[in-house]
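Chains as they are written, first to last, in full-length UniProt numbering: chain W, 1 to 510; chain Z, 1 to 351. Virtual Cβ for every residue (Gly too), placed ideally from N, Cα, C.
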């Protein structure tokens, strides 16, 4: 706090600065040059594609990871965190994408855990704790009952509680890791008002987001990362979204996702009037051989739910699903597989793979009936089949006997794809096929999908990444609140048209 | 989505009433966890008394309390551990070792002061508990497996140590045995000791930061780490305190029962876990209270006496305990589902 007289031109000294931070896990370099500088009273955006090293950088700031090299200063003093508590002690608070509250504890206790106000006999004073929580929520303009348990709170409310905690800690630096991913428009506005309020009180805020509209509306400066490296920092007012995107991807988007034209054949999948009360309604569409149809929309629009119903995982109330003209039995994934469907789920770690099993075992999971004789699986044939498919998809692994958990995200996704391709499906659902996959492998997955379409497989692709949708899809179906609000051909599918249909109601998008 | 509309000010008017309603509702939930077991206990006592008035005679009541005492102390300790999403299956063996050690102390040093015996017993129990805690926090193997291991190790030690030796009540000073005979205001002395344990631990669990940390750890261990809660230290402490209480129970066991030997406390651990679960301590941690666990212990021991008083075949007793455990879990599940639904609905109204 000395010499607190910043000149008019010279910006205030940074409250936090990290430069040249390196973090490796074995042979994997998660962060090659982590550099960011946050000034007091600014909202600083950190952008980069998935796998650019943002979350590793955040974990270093939070004290979860210890960097292998690099300089780290808070308020001009070098720091080295050994635990999360160290990071908190110097005034850094982190709000993760999925808030981490204690479901069994009350809201007030979640805010004050570990530093509850104490009254007589050194015991926790619940009244005082409640009063302080009430004051915090009042200041934030949000009525949340401090005495309710945290279980069942909406994500938006959970984030407000995290912010309340940060305020009560007098955080000098507040890090928000994709806080808006699961929020509605009103909730985003509320969050931004709170963030601006904190900035005006002198806190430095690091804001991580994929949404450019938000970044340009909210932040003062932008730092771009790519492939684990610092690329540049800009004043938000002096830069445009396309420039930032170019720095993020290192090339123009137009060339990112090439789907090669394939011969469009007969109708493979036909969905008519599919309805599940309260989840989705009147879903009609078809997918032809050789075609990639994208299902676009915001998180929570009901896209995955439709896919799960089509594949027979969830029940539906009305409507029909036909594959090559034949009705597919509802609520029976095995029937869907037998009919020639495959499903590559969004969360491959939990739903697509058995992480502790070997590559071979994972690939052969869908084949166990055809590989088995008298109920016993023929090991040699299992290896042969698995090796063949892993090779075709160029899965990079030391040995087919390694557990899939040892593979990178992109290679794991290839294993999931291999698993389904081994069943020789006619129709494949891919849900967020490149989520969490690094840029290089991403285009490999895209080439693979394009190649599959070229072989006459009909593909339904759910994706939240607009460039992926626009680059890969022959046709785009946009969902909003459980209904299809737009059907766009490749030529008509502009970012504006898709986003409009994804956010606006039926009336606007006829 | 990108309108820069000013943030709508919070609707201040309806907030206070909504909040008050929320508060009383939450109070209801809080009480709910101990309520079913307390209710079941009262019903059981009343029904048994109606069938056999001798059940609540002065001697009958005293027996009831004495029988519950050791189980109460063990259940309180176990609740501390379960609340952190762990479990300690070695408590029966710890009790056995300490009880035999107590008998051996009196036999070896005939004039040894009783408080010294208590201190040694508590310290011995705490050491055994601390070993559990150390293994669980360092090895990062589930406590179920670790304490299953120490269950056998501690039992093995007591077999090796005791061999065929047994110590009987005659080997111990009369004043020591009288702890389980004398009463104060109608309560056996050792029962009062157990009640003091319940009160102290309940206050620590509810009213200190360390105690609340235990709930936080059990509620979400990963989040606890992100919060900077010293998870390892707290879990270690929970095991050490549980060991200390098992040690106390061991000393009291030697006072209450005639003989202590190599098999003392065999198989107690499952009764103890059952008592805690019946008393509303969630087996996956994060919620429940030591008061509930103590009530669970009283309920389970009372059932045994009640069934005897009603001349029900002993065979049924275990089955009934089993039904109670299932009932406790089902009640807990239904209650938490209802709570979740209620909270959802009240939230929907807020919007």
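Boundaries of the alpha helix (DSSP H) around residue 63 of chain Z: 58 to 83.
Closest in C-alpha terms to residue 449 of chain W, from the list W/464, W/466, W/427, comes W/427. For the set W/83, W/389, W/210, W/74, the Cα lying nearest the Cα of residue 49 of chain W is the one of W/210.
Your pair residue 83 of chain Z and residue 261 of chain Z does not check out as a contact, with CB atoms roughly 33 Å apart and the cut at 8 Å.
Under the three-state reduction of DSSP, residue 66 of chain W is assigned to coil, being neither helix nor strand. Check the Cα spacing between residue 143 of chain Z and each of Z/232, Z/42, Z/199: the tightest is with Z/232.
Judged by DSSP in its simplified three-state form, residue 282 of chain Z adopts coil rather than helix or strand.
Of the candidates Z/188, Z/228, Z/247, Z/113, the residue whose Cα lies closest to the Cα of residue 130 of chain Z is Z/247.
Under the DSSP definition of a beta bridge, residue 23 of chain W partners with W/31. Every alpha helix (DSSP H) of 4 residues or more that sits fully in the region 402 to 455 of chain W is shown, in chain order, as 409 to 421, 439 to 454. For residue 286 of chain W, the enclosing beta strand (DSSP E) stretches over residues 280 to 288. A residue is called buried once 16 or more other Cβ atoms fall within 10 Å of its Cβ, and residue 109 of chain W is buried on that count. Taking a beta-carbon distance threshold of 7 Å, residue 104 of chain W counts as an interface residue toward chain Z. Taking C-alpha positions only, residue 469 of chain W is separated from residue 394 of chain W by approximately 24 Å.
Think of a sphere of 7 Å around the beta carbon of residue 216 of chain Z: the chain W residues whose beta carbon falls inside it are 102, 105, 113, in chain order. In this structure the region 74 to 82 of chain Z touches the region 274 to 283 of chain Z; the number of beta carbon pairs closer than 8 Å is three or more. Here the alpha carbons of residue 176 of chain Z and residue 118 of chain Z stand approximately 10 Å from one another. Under the Cβ distance rule, residue 226 of chain Z counts among the residues neighbouring chain W, one pair being separated by less than 7 Å. A Cβ-Cβ distance of about 16 Å is found for the pair residue 430 of chain W and residue 479 of chain W, leaving them out of contact under the 8 Å criterion. Among the residues facing chain W, residue 114 of chain Z is not included, as its CB has no counterpart in that chain under 7 Å away. By the Cβ rule, the region 128 to 148 of chain W does not count as touching the region 173 to 185 of chain W, because fewer than three pairs are nearer than 8 Å. Unbroken alpha helix (DSSP H) stretches of 4 residues or longer found wholly inside the region 270 to 320 of chain Z: 290 to 309, given in chain order. DSSP, read as helix, strand or coil, puts residue 177 of chain W in strand.
Ranked by how close their Cα comes to the Cα of residue 386 of chain W, the residues W/400, W/297, W/44 have W/400 in first place. With a cutoff of 7 Å on beta-carbon distance, residue 502 of chain W and residue 274 of chain W are scored as not near each other. At a C-beta separation below 7 Å, residue 83 of chain W has these neighbours in chain Z: 228.
The C-beta of residue 207 of chain Z comes closer than 7 Å to at least one C-beta of chain W.
For residue 208 of chain W, same chain residues with a beta-carbon under 6 Å away, outside a window of 5 residues either side, are 46, 54, 177, 178 in chain order. Residue contact with chain W for residue 223 of chain Z: present (Cβ-Cβ distance below 7 Å to some residue of chain W). Here residue 377 of chain W carries a strand assignment [DSSP, helix/strand/coil].
Contact between the region 449 to 459 of chain W and the region 419 to 426 of chain W is present: 3 or more CB-CB pairs across the two stretches fall below 8 Å.
Contact between the region 20 to 29 of chain W and the region 55 to 74 of chain W is present, with at least three C-beta pairs closer than 8 Å. Listed in chain order, the non-local C-beta contacts of residue 171 of chain W below 7 Å within the same chain comprise 91, 92, 93, 203, local neighbours out to five positions each way being set aside.
Between the alpha carbons of residue 68 of chain Z and residue 170 of chain Z lies a distance of about 24 Å. Excluding five sequence positions before and after residue 322 of chain W, the CB atoms of its chain that fall closer than 6 Å to its own CB belong to 270, given in chain order.
Between residue 451 of chain W and residue 403 of chain W, the C-beta spacing is not below 7 Å.
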